[in-house]
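Beneath this line is the structure, given in structure tokens, with notes to follow.
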Amino acid sequence: MPELPEVETILQSMKPALEGQTLSSIEVNRPDLRLPFPQGLSTIPLHQPVTRLRRRAKYILIDFQHGWTILIHLGMSGRLFINPAGENLPPRKHEHLVLWTKDKNRIALVDPRRFGMVCLFRTTQENQQPQLAHLGMEPLSSQFTTQTLTKALATTRMPIKNALLDQRRIVGLGNIYVCEALFKARIHPQRAANSLNAREVKRLHSFIIEILQAAIAAGGSTLRDYVHTDGQPGAFQNLHLVYGREGESCSTCLTKGRIVLIQRMTQSNRSTFFCPHCQKNPHK
Ligand SMILES: [Zn+2]
18 MPELPEVETI LQSMKPALEG QTLSSIEVNR PDLRLPFPQG LSTIPLHQPV TRLRRRAKYI
78 LIDFQHGWTI LIHLGMSGRL FINPAGENLP PRKHEHLVLW TKDKNRIALV DPRRFGMVCL
138 FRTTQENQQP QLAHLGMEPL SSQFTTQTLT KALATTRMPI KNALLDQRRI VGLGNIYVCE
198 ALFKARIHPQ RAANSLNARE VKRLHSFIIE ILQAAIAAGG STLRDYVHTD GQPGAFQNLH
258 LVYGREGESC STCLTKGRIV LIQRMTQSNR STFFCPHCQK NPHK
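All letters in the sequence shown, in the order written, are residues 18 to 301 by the numbering used here.
Shown next as structure tokens:
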């Protein structure tokens, strides 16, 4: 599933194709994805300049000058492909939504498993959208500080791993980047969120930002379905230190001459990868 760095990578490559452009046609090729496609999707956004593309959590938002916004969520397997004007189109299956700009750029949403979502609403109604209303802070915004992170974690005894995945606290951090950030910050994933001391919160805060920025710079992580808008995979999966590395030696321990194998456990039905030496559980 695309996480924040993957969605941000897609967003950045969509900007040149869409911002300031006007849509000349919108093909809606089936009635629904996870939700029905909204009424008016193929007509309301037409012939209006796109003023801005933005991201909120893992949602892509396309704002139009006449005050409407298209929201796109890629779900599990959704991909967006951009074909610049004049490019020969490779045949693709599962193109459920195709946007054409007046300049003949073609942006296609492909989603074989159809867990994705497209919504259309008035931009002023954004905060009332059920998908957006309860979202927490953006980890790459100025709102995300050691103070706000401390506050977000102080109110819960749930495991820190789960607290970081909770979109009502911090958005966009999925399983991969939470595992990587906790490893770098040397915090055991089962620690109670409100048990972290000030030094640990500070480390966690800076590593969350560092890892997300590094992942965006590498074009995101490709494990299964995610690709860039030109079909190329991301490269950050090669830089994962613990995620997907069960049974491999911890690279940090190795530099200190210790052989410690990365372990996997299950938390809330999702795999957690960690180093039992670097990330000690003080309660065990
Ligand atoms: Zn280690």
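Ideal Cβ positions, reconstructed from N, Cα and C, are used throughout, including at glycine. Because the structure is a prediction, the values reported are computed rather than measured.
{"Item": "Would you mind stating whether V188 and L78 have Cβ atoms separated by less than 9 Å?", "Value": "no"}
{"Item": "Between H257 and S238, how many whole angstroms is the CB-CB distance? I'm expecting something under 8 Å.", "Value": "7 Å"}
{"Item": "By DSSP's criteria, Q284 is part of a beta bridge. Which residues make up the other side?", "Value": "R287"}
{"Item": "Given a cut-off of 9 Å, decide if L40 and W117 are closer than it, judged by their beta-carbon atoms.", "Value": "yes"}
{"Item": "Can you check the segment 220-285 for any alpha helix (DSSP H) of at least 4 residues that lies completely inside it and give the ranges in chain order?", "Value": "268-272"}
{"Item": "Listed in chain order, which residues are found with a beta carbon closer than 5 Å to a heavy atom of ligand 1?", "Value": "C267, T269, C270, V277, C292, H294 and C295"}
{"Item": "Below 8 Å, how does it come out for the segment 217-224 and the segment 190-206: are there three or more Cβ pairs, yes or no?", "Value": "yes"}
{"Item": "Might you give, ordered along the chain, the residues of its own chain that have their beta carbon closer than 7 Å to the beta carbon of P250, omitting 5 neighbours on each side?", "Value": "T239 and V244"}
{"Item": "Taking the alpha-carbon of H64 as reference, which of G84, R185 and Y76 has the nearest alpha-carbon?", "Value": "G84"}
{"Item": "Between which residues of its own chain and R139 is the CB-CB distance below 7 Å, once the five residues before and five after are set aside?", "Value": "G84 and W85"}
{"Item": "So, with DSSP's three-state summary, where would you put R216?", "Value": "helix"}
{"Item": "Considering Cα atoms alone, identify which of T269, P156 and R281 is closest to G261.", "Value": "R281"}
{"Item": "Report the option in R275, N214, F132 and L181 whose CA atom is closest to the CA atom of L152.", "Value": "L181"}
{"Item": "Using the DSSP secondary-structure output, state which residues sit across from H90 in a beta bridge.", "Value": "Y76 and M134"}
{"Item": "Name, in chain order, the residues that DSSP records as bridge partners for N100.", "Value": "R123"}
{"Item": "Excluding the 5 residues flanking T165 on each side, which residues of the same chain have their C-beta closer than 8 Å to its C-beta?", "Value": "M154"}
{"Item": "Looking at C-beta atoms only, is the number of pairs between the segment 65-75 and the segment 120-132 that lie closer than 8 Å three or more?", "Value": "no"}
{"Item": "For a test of the three-state rule: what should DSSP assign to T172, helix, strand or coil?", "Value": "coil"}
{"Item": "Please state if the CB of R123 and the CB of V135 are separated by a distance shorter than 9 Å.", "Value": "no"}
{"Item": "Could you please give me the residues that DSSP links to L40 through a beta bridge?", "Value": "T118"}
{"Item": "Our contact map puts Q82 next to T68 with C-beta atoms below 8 Å; I'd like the distance itself, whole angstroms only.", "Value": "5 Å"}
{"Item": "Start and end of the alpha helix (DSSP H) containing C196?", "Value": "N192 to K201"}
{"Item": "Taking all protein chains shown into account, decide if Q296 is buried (16 or more other Cβ within 10 angstroms of its Cβ) or exposed.", "Value": "buried"}
{"Item": "Among the residues of its own chain, which have a CB less than 8 Å from the CB of Q184, if the five just before and after it don't count?", "Value": "A74, H151, L152 and G153"}
{"Item": "Assign E104 to one of two classes, buried (16 or more other C-beta atoms within 10 Å of its C-beta) or exposed (fewer than that).", "Value": "exposed"}
{"Item": "Exposed or buried, which one is P53 when buried takes at least 16 other CB atoms within 10 Å?", "Value": "exposed"}
{"Item": "Could you check whether L88 and L149 sit closer than 9 Å to each other, using their CB atoms as the reference points?", "Value": "yes"}
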